[in-house]
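Encoded as structure tokens, the structure appears first; notes follow it.
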Amino acid sequence: MKQIILLGLLLSVFIGCTKYNQIDTGIARKKYPGNMYEYFHSDSYNWDSLLLMIEYTGTKEYFTGEKAGYEEITFFGPTNHSIRRKMFEETQLNTETWVQEPIYKSVKAYVEAKGVEYCKELILRHVVKGKYEVKDIPRGTSDDDASGVIFTSAFGSTFRVFSFREPYEKVPEAGAVVLYIKGGMNMSTSIDVASTDIEPTNGIVHSLAYGFTWGQL
1 MKQIILLGLL
11 LSVFIGCTKY
21 NQIDTGIARK
31 KYPGNMYEYF
41 HSDSYNWDSL
51 LLMIEYTGTK
61 EYFTGEKAGY
71 EEITFFGPTN
81 HSIRRKMFEE
91 TQLNTETWVQ
101 EPIYKSVKAY
111 VEAKGVEYCK
121 ELILRHVVKG
131 KYEVKDIPRG
141 TSDDDASGVI
151 FTSAFGSTFR
161 VFSFREPYEK
171 VPEAGAVVLY
181 IKGGMNMSTS
191 IDVASTDIEP
201 TNGIVHSLAY
211 GFTWGQL
């Protein structure tokens, strides 16, 4: 009996001292048994503002695979955090509390104020024809404008995406392969990709970092 107890203690010490190096964004999910629009519905924490934007701008067919020429897409997706940050950029003074408050209290109010075409443009800037996983993106760096790949969005804008193998335990080229984006005016804005290769039946989703503000791409 004493031997069994001793063995249990040794195992608990071993397990307790084990380290696991993991980055958990809470978004990544390799395969999803439905189209991209259905995938967004499966994760309201990250995508419910986007779903409302899709509804109000009439862009649903891009995400269900029903849009001609866009049966399969890659979506560099802005999450709720990114969209709300954009919405809450404009504030006004509440004369009762003397506190600055967002002008637009809902996605619908934002779309009505800014216009459907403007909001549709912001969505389509993130949509690319075809499926591109991390393995399909060439290596590159932020400073080398010729590295990676230049994508043309469904709106017609362009941005550069490159893959990069991160260091691990200070060893170069030993970590995970990640994606980075250079977009915006003259491709001067650096954008981090938080989760990659999420795969609904009609494409690939690369989820942008929470720190991204919608409209920067």
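Be aware that the sequence shown starts at 1, since it is given in full-length UniProt numbering, and climbs by one per residue. Glycine included, every Cβ here is placed at the ideal spot set by N, Cα and C. Since the structure is predicted, the reported quantities are computational estimates derived from the model, not experimental observations.
So, at 6 Å on beta carbons, what are the nonlocal neighbours of residue i in its own chain, with the 5 sequence-adjacent residues on each side left out?
i            : result
serine 157   : Arg125
valine 205   : Phe75, Gly77, Ile198
tyrosine 39  : Tyr32, Pro200
lysine 86    : Thr213, Trp214, Gly215
alanine 209  : Asp192, Ala194
glutamate 90 : Ile103
glycine 211  : none
valine 177   : Val134, Ser163, Arg165
glycine 140  : Ser147, Gly148, Phe162
Return the bridge partner residues of residue i from the DSSP annotation.
i              : result
isoleucine 198 : Val205
glutamate 101  : Gln92
aspartate 143  : Answer by DSSP bridge pairing: none, since aspartate 143 is not bridged.
valine 193     : Leu208
glycine 183    : Thr189
lysine 67      : Beta-bridge pairing links lysine 67 to no other residue.
valine 107     : Valine 107 is not bridged to any residue.
lysine 31      : Glu199
valine 178     : Phe164
How would you write the range of the beta strand (DSSP E) that residue i sits in, first residue to last?
i                : result
valine 116       : It is not in any beta strand (DSSP E) - valine 116 instead sits in the alpha helix (DSSP H) that spans 116–124.
lysine 129       : 127–129
serine 163       : 158–165
residue 221      : An answer regarding residue 221 cannot be provided, because it is not within the stretch 1 to 217 covered by the chain.
phenylalanine 76 : 73–77
isoleucine 150   : 149–152
Below 8 Å CB to CB, which residues in the same chain sit around residue i once its five sequence neighbours on both sides are set aside?
i             : result
glutamine 216 : Gly183, Gly184, Thr189, Ile191
aspartate 24  : Reliability of the predicted coordinates at aspartate 24 is poor, the pLDDT of 38 falling under 50, and no value is obtained from them.
Over the uninterrupted alpha helix (DSSP H) stretch that includes residue i, give me the two end residues.
i                : result
arginine 85      : 80–87
threonine 64     : 60–64
phenylalanine 40 : 36–41
Ignore the nearest five residues each way along the sequence and tell me which others in residue i's own chain have a CB closer than 7 Å to its CB.
i           : result
serine 106  : none
tyrosine 37 : Lys60, Phe63, Thr64
Does the segment 174–184 come within contact of the segment 44–60, defined as at least 3 CB pairs closer than 8 Å? no
On the three-pair Cβ rule with 8 Å, is the segment 122–141 touching the segment 58–76? yes
Counting Cβ pairs, one atom from each stretch, are 3 or more of them under 8 Å apart for the segment 160–169 and the segment 136–150? yes
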